[in-house]
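Going down the list, the protein sequences come from chains V and S.
Per this note's numbering, residue 23 is the first one in the first sequence, and the count goes up by one each step.
Per this note's numbering, residue 23 is the first one in the second sequence, and the count goes up by one each step.
In what follows, a single structure is set out as structure tokens and then discussed.
2 protein chains.
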Amino acid sequence: MAIETGGWVTMGEVAERAGVSKITVSRVLRSPDKVKQETRERVRAAIAELGYVPDEAAGGLSSRRSRIVGAVISTLAGSTFASTVDGLGDRLRQNGHQLLLAGTDYSSAREADAVAAMLGRRPDGLVLTSTTHRDDTRRTLEASRIPVVEIWELPVDPIGYAVGFSNRDAGAAMARHLLAAGRRRMAFIGTAGEDDRRGRLRYDGFAEVLEQSGVAEVRATAAASGTQTARGARGLAAVLERWPDTDAVFCSSDTLALGALSEARRRGLTVPEDIAIAGFGDFEFAGEFGLGLTTVRVPGPDIGEVAAQLILDVNAGLEPPSRTVDLGFQVIARATT
Amino acid sequence: MAIETGGWVTMGEVAERAGVSKITVSRVLRSPDKVKQETRERVRAAIAELGYVPDEAAGGLSSRRSRIVGAVISTLAGSTFASTVDGLGDRLRQNGHQLLLAGTDYSSAREADAVAAMLGRRPDGLVLTSTTHRDDTRRTLEASRIPVVEIWELPVDPIGYAVGFSNRDAGAAMARHLLAAGRRRMAFIGTAGEDDRRGRLRYDGFAEVLEQSGVAEVRATAAASGTQTARGARGLAAVLERWPDTDAVFCSSDTLALGALSEARRRGLTVPEDIAIAGFGDFEFAGEFGLGLTTVRVPGPDIGEVAAQLILDVNAGLEPPSRTVDLGFQVIARATT
DNA sequence: CGGCGCTATGTTACCGATAACATAACAGCC
DNA sequence: GGCTGTTATGTTATCGGTAACATAGCGCCG
Chain V
23 MAIETGGWVT MGEVAERAGV SKITVSRVLR SPDKVKQETR ERVRAAIAEL GYVPDEAAGG
83 LSSRRSRIVG AVISTLAGST FASTVDGLGD RLRQNGHQLL LAGTDYSSAR EADAVAAMLG
143 RRPDGLVLTS TTHRDDTRRT LEASRIPVVE IWELPVDPIG YAVGFSNRDA GAAMARHLLA
203 AGRRRMAFIG TAGEDDRRGR LRYDGFAEVL EQSGVAEVRA TAAASGTQTA RGARGLAAVL
263 ERWPDTDAVF CSSDTLALGA LSEARRRGLT VPEDIAIAGF GDFEFAGEFG LGLTTVRVPG
323 PDIGEVAAQL ILDVNAGLEP PSRTVDLGFQ VIARATT
Chain S
23 MAIETGGWVT MGEVAERAGV SKITVSRVLR SPDKVKQETR ERVRAAIAEL GYVPDEAAGG
83 LSSRRSRIVG AVISTLAGST FASTVDGLGD RLRQNGHQLL LAGTDYSSAR EADAVAAMLG
143 RRPDGLVLTS TTHRDDTRRT LEASRIPVVE IWELPVDPIG YAVGFSNRDA GAAMARHLLA
203 AGRRRMAFIG TAGEDDRRGR LRYDGFAEVL EQSGVAEVRA TAAASGTQTA RGARGLAAVL
263 ERWPDTDAVF CSSDTLALGA LSEARRRGLT VPEDIAIAGF GDFEFAGEFG LGLTTVRVPG
323 PDIGEVAAQL ILDVNAGLEP PSRTVDLGFQ VIARATT
């Protein structure tokens, strides 16, 4: 932290000060054991005195390893992916990589732009929360030879790899839980458009189990605008208007479920006696000291960590045993069902 | 999307195919109006045919503009900063920049590491959620000549710029709200360690108003481990044990407030009749169709957007009118007070 | 008609690192 | 004592772009 005449200190300046060549400085940073201890210390001292920070972009250009992983996330708001991004960033950091983030707001056009922008950084890997892409996006990614990990679902034919769980099975599991609790006239509340994809899969699994049970009916609704809680409230209102005898609702997210809870309360209904309400995600507010909401817990942070590790492994030459990693989910029964 | 013999297409290859020199391709990308339309189209065609994606790292190395902005965030989980990061990323994207993200988990040692790692990318700007830093971190940043924006608080002496609001004033405003609602024996529930800093400021403002009112008492407690909701629940329990006549609690976050609500309910207390509960943040679950929680709304997305714009402006040579931007806050009175 | 100012394009020299190969010094071995 | 292998360090070329300075062609003006 010293001389720096305005700009950045370069490796050459460090080398000069330490009385060695650039490459020796490079070795001290990347493979210290190839340098004699005495030299190493001299170089380290020069680095400290000058406050040298190596330029990773230059290094990456030469070594063809950017040490950057890109994450293309629909949105961080709404609790869903935040913990996954935390997990991802954490694991990457531990391995000397950095995380580049882009949001798509559930638009595949924006996903295409984000992917193109990220490819410009020649990332060592790419993580996508969406599992449906524009054709050209998919082709570009396949041609890029960069490890791509799709998360939060297990696509039949992943671009590269996939880490997540089966949304369909999760919906089915919740159906079984509600059946076991004696419910028979059940509705699903989702959101239209956008996040649709995964929600749709949850619904499919849910509906299938109910139909096959032969004893229960399924109803479904989705609200398209407003906050998630507002949609949940309107969703429950719509369900009860059309099917007043509904005795359970499964919401595609905990936030929707909270909206439904507030609507139920507003109507003077008792949960779970009059109606059972279940959510999805096990967000913090759903927990024991929060709403006490029955929900499906998904391994958010683990998904991020496993996705990161997968990328690191592939780049280290270790071909993983499977292209798809199923981290499962868990139905958490609490007070609302 | 075509020939690509395994690696990446370079600008030179595009140039050759279009029958021009590299620099002309570069101009088509960066300043298209300096190139004759006919040439421009030929180059664009070549770019499309070859599926060329310019290497931003190489470009940045040469132009000394990385088009990267770094954000050092304590954590994404917990709703607090997610919307800010969304806003930040959005504004950056619109201006051709990308967002590099690092988490610190509220540790200033990890902040120091993250800052060092980011500086290695020569970012065009840096955004920090923390406003307390290790001395060396601060010095490094000051020496770097990179625009630094501290957010979610208005430090007296910012490193570079600051965008946020006064946590102290926010605490004070909530105190006035509760006083006006007739409450007199109030407690503050915060979290120890970590996030402490901003929570402490909220408490200071809260306590000051109450003391100066001459009619109200203040109590404070903080829980140090467990989930936020669990801390809120334990916080309320601790408060009521020690000061059973407490008639209002102000929690340092909505999540804590939810924990307190659940504890109140568990004890058979009616909110707000027996006890008023207020939170901070106006997370989605606190809203009208959620908990209906009285809280303080802060402009999360705006903070991100304004911080991004500030960095873009400074890099464009526009010195902003002030180093500090106060975006304010708003007390939202709902059903719990 | 020579010179000026445009417009359109090209040439050269980097930016700051690393890979790959080269070299020097020295120890160990037959 | 010469050969080989190992350790420690250096030299050169290159990664893929962009800045800065050329250059060429052309219209226009006095």
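Idealized CB from N, CA, C, for every residue including glycine.
Where the stretch 116–130 of chain S meets chain V: residues whose CB sits under 9 Å from a CB there: Within the stretch 116–130 of chain S, the residues whose Cβ lies closer than 9 Å to some Cβ of chain V are Gly118, Gln120, Leu121, Leu122, Leu123, Ala124, Gly125 and Asp127, listed in chain order.
If you measure beta-carbon to beta-carbon, which residues of the stretch 78–96 of chain S are closer than 7 Å to chain V? Flagged, chain order: Glu78, Ala79, Ala80, Gly82, Leu83 and Ser88.
CA-to-CA distance, S/Gly236 to S/Gly227, given in whole angstroms: Within the second sequence, numbered from 1, the residue matching residue 227 of chain S stands at position 205. Within the second sequence, numbered from 1, the residue matching residue 236 of chain S stands at position 214. S/Gly227 and S/Gly236 have their C-alpha atoms some 15 Å from each other.
Closer than 8 Å by beta-carbon distance: list the chain V residues that pair up with S/Phe311, in chain order. By 1-based counting over the second sequence, the position of residue 311 of chain S is 289. Residues of chain V with a Cβ closer than 8 Å to the Cβ of S/Phe311 are, in chain order, Thr249, Thr251, Ala252, Gly254, Ala255, Leu280, Gly281, Ser284 and Glu285.
What in chain S is Cβ-close to V/Gly111, meaning under 7 Å? Numbered from its first residue, the first sequence carries residue 111 of chain V at position 89. Near V/Gly111 (Cβ distances below 7 Å), the residues of chain S are Leu123, Ala124 and Gly125.
Interface flag, V/Phe307 vs chain S, CB-CB below 8 Å: As a working mapping, residue 307 of chain V is identified with position 285 in the first sequence. So yes, V/Phe307 belongs to the interface.
Considering V/Arg319, what are the terminal residues of the beta strand (DSSP E) in which it resides? Counted from its first residue, the first sequence places residue 319 of chain V at position 297. Taken as a continuous stretch (DSSP letters only), the beta strand (DSSP E) holding V/Arg319 covers Thr317 to Arg319.
Let me check understanding here. Comparing Cα to Cα, which of S/Leu121, S/Gly109 and S/Pro266 lies closest to S/Gly8? Look at the range of chain S in this structure, 23 to 359, and you will see that residue 8 of chain S is not part of it.
Unbroken beta strand (DSSP E) run spanning S/Thr97, endpoints: Counting from 1 along the second sequence, the entry for residue 97 of chain S is found at position 75. Where S/Thr97 is concerned, there is no enclosing beta strand (DSSP E), because DSSP gives it neither an H nor an E.
With DSSP as the reference, identify every bridge partner of V/Gly125, one or two as the case may be. Mapped onto the first sequence, residue 125 of chain V falls at position 103. DSSP, once it has assigned bridges, lists V/Ile95 as partnering V/Gly125.
Between V/Gly73 and chain S, is the shortest Cβ-Cβ distance under 8 Å, so that the two count as touching? Within the first sequence, numbered from 1, the residue matching residue 73 of chain V stands at position 51. Closer than 8 Å: yes.
Using a Cβ cut-off of 7 Å, pull out every chain S residue sitting near V/Asp108, in sequence order please. Here residue 108 of chain V refers to the residue found at position 86 of the first sequence. Under the 7 Å cutoff, chain S gives Thr97, Leu98, Ala99 and Gly125.
What residue range is occupied by the uninterrupted beta strand (DSSP E) comprising S/Leu291? Position 269 of the second sequence, counted from the start, is the residue given in the question as residue 291 of chain S. No beta strand (DSSP E) holds S/Leu291; DSSP gives it neither H nor E.
Taking 8 Å as the CB-CB cut-off, is S/Ser105 touching chain V? On the second sequence, position 83 is the one that residue 105 of chain S refers to. Answer yes: the Cβ-Cβ gap between S/Ser105 and chain V drops below 8 Å somewhere.
Since V/Gly142 meets chain S, which of its residues come closer than 7 Å, beta carbon to beta carbon? For this step, residue 142 of chain V is matched to residue 120 along the first sequence. Simply Val75, Pro76, Asp77 and Glu78.
First and last residue of the alpha helix (DSSP H) that includes V/Tyr225? Numbered from its first residue, the first sequence carries residue 225 of chain V at position 203. Looking at the DSSP string, the run of the alpha helix (DSSP H) that includes V/Tyr225 is Asp218 to Ser235.
Among V/Pro180, V/Phe272, V/Leu98 and V/Ile325, nearest to V/Asp112 - alpha-carbon criterion: In the first sequence, the residue the question calls residue 112 of chain V occupies position 90. When V/Pro180, V/Phe272, V/Leu98 and V/Ile325 are compared, the shortest CA-CA separation from V/Asp112 is found for V/Ile325.
Taking Cβ positions only, does S/Thr277 come closer than 8 Å to chain V? By one-based count along the second sequence, residue 277 of chain S stands at place 255. So, interface residue.
Rounded to whole angstroms, what is the Cα-Cα separation between V/Thr154 and V/Lys56? Translated into positions along the first sequence, residue 154 of chain V becomes position 132. Translated into positions along the first sequence, residue 56 of chain V becomes position 34. So the alpha carbons of these two residues sit roughly 47 Å apart.
In angstroms with no decimal places, state the Cα-to-Cα distance between S/Glu26 and S/Glu71. For the purposes of this step, residue 26 of chain S is taken as residue 4 along the second sequence, with counting starting at 1. For the purposes of this step, residue 71 of chain S is taken as residue 49 along the second sequence, with counting starting at 1. Reliability fails at S/Glu26, whose pLDDT of 43 lies under 50, so the model's placement of it is uncertain and the value that follows must be treated cautiously. Put simply, the backbone Cα of S/Glu26 is about 10 Å away from that of S/Glu71.
Could you compute how far the alpha carbon of V/Ser130 sits from the alpha carbon of V/Arg156? Your numbering for residue 130 of chain V matches position 108 in the first sequence. Your numbering for residue 156 of chain V matches position 134 in the first sequence. When rounded, the distance between both Cα atoms is 6 Å.
Measure from the alpha carbon of V/Ala270 to the alpha carbon of each residue in V/Asp304, V/Ile333, V/Val94 and V/Thr316, then state which is nearest. The residue labelled residue 270 of chain V in the question sits at position 248 within the first sequence. Ranking the options by Cα distance to V/Ala270, first place goes to V/Thr316.
V/Arg287 beta carbon near the ligand ATP (any heavy atom closer than 7 Å): The ligand ATP is not part of this structure, which contains no ligands at all.
Limits of the alpha helix (DSSP H) - the one that S/Arg356 falls within: Your numbering for residue 356 of chain S matches position 334 in the second sequence. S/Arg356 -> no alpha helix (DSSP H), and no H or E assigned at all.
Can you find a C-beta in chain S that's less than 8 Å from the C-beta of V/Ala139? Here residue 139 of chain V is taken as the residue at index 117 of the first sequence, counted from 1. Interface residue, yes.
What does the alpha-carbon distance come out to for the pair S/Ser88 and V/Arg253? In the second sequence, the residue the question calls residue 88 of chain S occupies position 66. In the first sequence, the residue the question calls residue 253 of chain V occupies position 231. If you take the alpha carbons of S/Ser88 and V/Arg253, they lie about 41 Å apart.
V/Arg348 - partner residues in DSSP beta bridges: If you number the first sequence from 1, residue 348 of chain V lands on position 326. The sequence shown places Asp at residue 348 of chain V, rather than the Arg named in the question. Under DSSP, V/Asp348 forms a beta bridge with V/Gly186.
Reducing DSSP to helix, strand and coil, say where V/Gly212 ends up. As a working note, residue 212 of chain V is residue 190 in the first sequence. Here V/Gly212 carries a strand assignment [DSSP, helix/strand/coil].
In the DSSP assignment, find the unbroken beta strand (DSSP E) run with V/Arg241 in it and report its ends. Taking the first sequence and counting its residues from 1, the one referred to as residue 241 of chain V is at position 219. Annotation: the continuous beta strand (DSSP E) that includes V/Arg241 extends over Glu239 to Ala245.
Mapping the DSSP letters down to three states, classify V/Ala24 as helix, strand or coil. Reading the first sequence from its first residue, position 2 is the one you call residue 24 of chain V. Legend: pLDDT at V/Ala24 = 41, less than 50; position of this residue unreliable, value from coordinates given subsequently. Coil, per DSSP.
Should the stretch 39–57 of chain V be regarded as contacting the stretch 183–203 of chain S, the criterion being three or more beta carbon pairs within less than 8 Å? The answer is no - the stretch 183–203 of chain S does not touch the stretch 39–57 of chain V, with fewer than three Cβ pairs under 8 Å.
Nearest to S/Leu201 by CA position, among S/Asp218, S/Glu233 and S/Glu310, is which residue? For the purposes of this step, residue 201 of chain S is taken as the residue at position 179 of the second sequence. Out of S/Asp218, S/Glu233 and S/Glu310, S/Glu233 has the C-alpha closest to the C-alpha of S/Leu201.
Closer than 8 Å is the cut-off here; do at least three beta carbon pairs connect the stretch 262–280 of chain S with the stretch 217–224 of chain V? Three or more beta-carbon pairs separated by less than 8 Å are not found between the stretch 262–280 of chain S and the stretch 217–224 of chain V, which leaves the two stretches without contact.
From V/Ala40 to S/Ile333, what does the alpha carbon distance come to, in whole angstroms? As a working note, residue 40 of chain V is residue 18 in the first sequence. As a working note, residue 333 of chain S is residue 311 in the second sequence. Roughly 36 Å separates the two Cα atoms.
As a quick exercise: from V/Ala136, V/Ala124 and V/Cys273, pick the residue whose alpha carbon is nearest that of V/Gly193. Residue 193 of chain V sits at position 171 when you count from the first residue of the first sequence. Here the closest residue by C-alpha is V/Cys273.
Can the beta-carbon of V/Ala282 be found closer than 8 Å to that of V/Ile211? Counting from one through the first sequence, the residue named residue 282 of chain V turns up at place 260. Counting from one through the first sequence, the residue named residue 211 of chain V turns up at place 189. Closer than 8 Å, so yes.
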